[in-house]
Amino acid sequence: MAGGVEVFIGADIGGTKTLVVACDETGREVQRQRFPTPTALSEGLQQLVAAIETVAAGAHIRAIGVSIGGPIDRRRGTVSPLHQPQWRDVPLRLLLEERFRCPCHIEVDTDAAALGEWHLGNVRESPLVYVTLSTGVGGALVLDGQLYRGASGAHPELGHQIVPNEFGDSEPVRCACGASNCLESLISGRALQQRFGCSPAELPAETWERIGRILGHGLRNIAVLYAPRRIVLGGSIAAAAAERLVPIVVASLHEQLMLVPVPAVSLSVFGAEASLWGAVALALGYGQ
Ligand SMILES: [Zn+2]
């Protein structure tokens, strides 16, 4: 890349894979890197820095946006993603700002994805709820282009609401969040892999019916609490199974929502890469 060129970096650090992309000031992709997220913290940070250097290819980095699993401390810029046990209280913002001499913005991945949907995907229907179905389950709420934030900036954990278990287990399914039978414990990619021992793509239609009904209960709860105009589904599992899931979920909402309007339900315009493009949105300055 020629000297003097500027790039914006988006990095999505997931429980299983990390994606890093360099974009121009309009959000157009220039170059990307992808690698399995290492379990070890030092290796993970090393590979992240190397990937940023590779995609920047010598260009000046204007800003870095990072999306990562919660919880994060936005004030201190530290991250402690639930599913990466070695990443605890990591001062990621400081590390990247010192290494690359540019501003770094970090958000919980689903918050970033919701911002990306609104600002880069032009899905501007408020209130907008974003729900990800990936290694984990999470979500975010956007009101007129601004993220809804809880007390002290806390990120609401839509994936950890308790829902009826359509798998019919005799025992409750425990989750690290402290509850049992939450959405994440039942239908996250991790939970499905543990339960069925195969990739989600190999599951039969009858199982997808149950997964869709469980997700439908969760979206019904969200709809009844927030009366959103649209619910966007993102994440690798939602993207791979959208044709199976969306009709079941929509039917479930129509059955169970008598008091509030049934929200439109659609797949993220960025498919399985919603949180990556959310990170790009952060780098471009949205959501600050
Ligand atoms: Zn949970």
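First residue of the sequence shown: 2, per our numbering; consecutive thereafter. Just so you know, even glycine gets a beta-carbon here, dropped at the ideal spot from N, CA and C.
| query | Taking Cβ to Cβ, would you say Ile-69 is nearer than 9 Å to Ile-107? | reply | On the sequence shown, residue 69 is found 68 positions in, with the first residue counted as 1. On the sequence shown, residue 107 is found 106 positions in, with the first residue counted as 1. Taking 9 Å as the Cβ cut-off, Ile-69 and Ile-107 qualify as a contacting pair.
| Got a sec, what are the start and stop residues for the alpha helix (DSSP H) Ile-212 sits in? | Translated into the one-based positions of the sequence shown, residue 212 becomes position 211. Residues 206-227.
| Does any heavy atom of ligand 1 sit closer than 8 Å to the C-beta of Ala-155? | Residue numbering aside, residue 155 sits at position 154 when the sequence shown is read from its first letter. No.
| message | Quick check on the burial criterion: 16 or more other C-beta atoms within 10 angstroms. Buried or exposed for Cys-183? | response | In the sequence shown, residue 183 corresponds to position 182, counting from 1. With 16 or more Cβ atoms within 10 Å of its Cβ, Cys-183 is classed as buried.
| query | Is Pro-229 buried or exposed, if buried means 16 or more other CB atoms sit within 10 Å of its CB? | reply | In the sequence shown, counting from the first residue as 1, residue 229 sits at position 228. Per the 10 Å Cβ criterion, buried.
| field | Beta carbon of Val-91 nearer than 9 Å to that of Thr-111 | value | Indexing the sequence shown from 1 puts residue 91 at position 90. Indexing the sequence shown from 1 puts residue 111 at position 110. Cβ distance not < 9 Å, so Val-91 and Thr-111 don't count as in contact.
| request: Could you pull out every residue in the same chain whose Cβ sits closer than 6 Å to the Cβ of Pro-82, ignoring the five residues on either side in sequence? | output: Indexing the sequence shown from 1 puts residue 82 at position 81. Taken in chain order, the residues that qualify are Ile-69, Gly-70 and Trp-88.
| request: Apply the 10 Å Cβ neighbour rule to Leu-95 and answer buried if 16 or more other Cβ atoms are within range, or exposed otherwise. | output: The sequence position of residue 95 within the sequence shown is 94, counting from 1. Exposed, because fewer than 16 other Cβ atoms sit within 10 Å of the Cβ of Leu-95.
| query | Going by DSSP, which residues form a beta bridge with Val-281? | reply | Position 280 of the sequence shown holds residue 281. Beta-bridge pairing links Val-281 to no other residue.
| request: With Ala-12 as the anchor, note down where its beta strand (DSSP E) starts and where it stops. | output: Start at 1 with the first residue of the sequence shown, and residue 12 comes out as number 11. Run containing Ala-12: 7-14, per the beta strand (DSSP E) assignment.
| Going by Cα to Cα distance, which pick from Arg-100, Leu-226, Ser-181 and Val-109 is closest to Ala-128? | Along the sequence shown, read from residue 1 onward, the residue named residue 128 stands at position 127. Note on identity: in this sequence residue 128 is Pro, with Ala being the wrong assignment. Each of Arg-100, Leu-226, Ser-181 and Val-109 was checked against the Cα of Pro-128, and the nearest Cα belongs to Leu-226.
| message | Which residue wins for smallest C-alpha separation from Val-50, given the options Asn-123, Glu-158, Ile-14 and Ser-200? | response | Locating residue 50 in the sequence shown gives position 49, counting from the first residue. Among Asn-123, Glu-158, Ile-14 and Ser-200, the Cα nearest to that of Val-50 is on Ile-14.
| query | Rounded to a whole number of angstroms, what is the C-alpha to C-alpha distance between Tyr-287 and Phe-9? | reply | The residue labelled residue 287 in the question sits at position 286 within the sequence shown. The residue labelled residue 9 in the question sits at position 8 within the sequence shown. Distance between the alpha carbons of Tyr-287 and Phe-9: 12 Å.
| task | Could you have a look at Ala-201 and say whether DSSP puts it in helix, strand or coil? | result | Taking the first residue of the sequence shown as position 1, residue 201 is located at position 200. A small correction: the amino acid at residue 201 is Pro; Ala does not occupy that position in the sequence shown. Reduced to three states, the DSSP call for Pro-201 is helix.
| task | Please say whether Arg-231 and Val-130 have beta carbons closer to each other than 9 Å? | result | Position 129 of the sequence shown, counted from the first residue, corresponds to residue 130. Position 230 of the sequence shown, counted from the first residue, corresponds to residue 231. Between Val-130 and Arg-231, the C-beta spacing is below 9 Å.
| said: Buried or exposed, going by whether 16 or more other CB atoms sit within 10 Å of the CB of Leu-260? | reply: If you number the sequence shown from 1, residue 260 lands on position 259. Exposed: under 16 other Cβ atoms inside 10 Å.
| In terms of residue numbering, what span does the beta strand (DSSP E) encompassing Thr-17 cover? | Within the sequence shown, the letter at position 16 stands for residue 17. No beta strand (DSSP E) holds Thr-17; DSSP gives it neither H nor E.
| message | Can you list, in chain order, the residues of its chain with a C-beta nearer than 6 Å to that of Val-263? Leave out the 5 residues immediately preceding and following it. | response | As a first step, residue 263 is located in the sequence shown; it is residue number 262 there, counting from the start. Only residues of its own chain outside the window of five on either side were considered, and among them Leu-254 and His-255 have a CB closer than 6 Å to the CB of Val-263, listed in chain order.
| request: Would you check if the distance between the CB atom of Leu-20 and the CB atom of Leu-283 is smaller than 9 Å? | output: Indexing the sequence shown from 1 puts residue 20 at position 19. Indexing the sequence shown from 1 puts residue 283 at position 282. Not a contact, by the Cβ cut-off of 9 Å.
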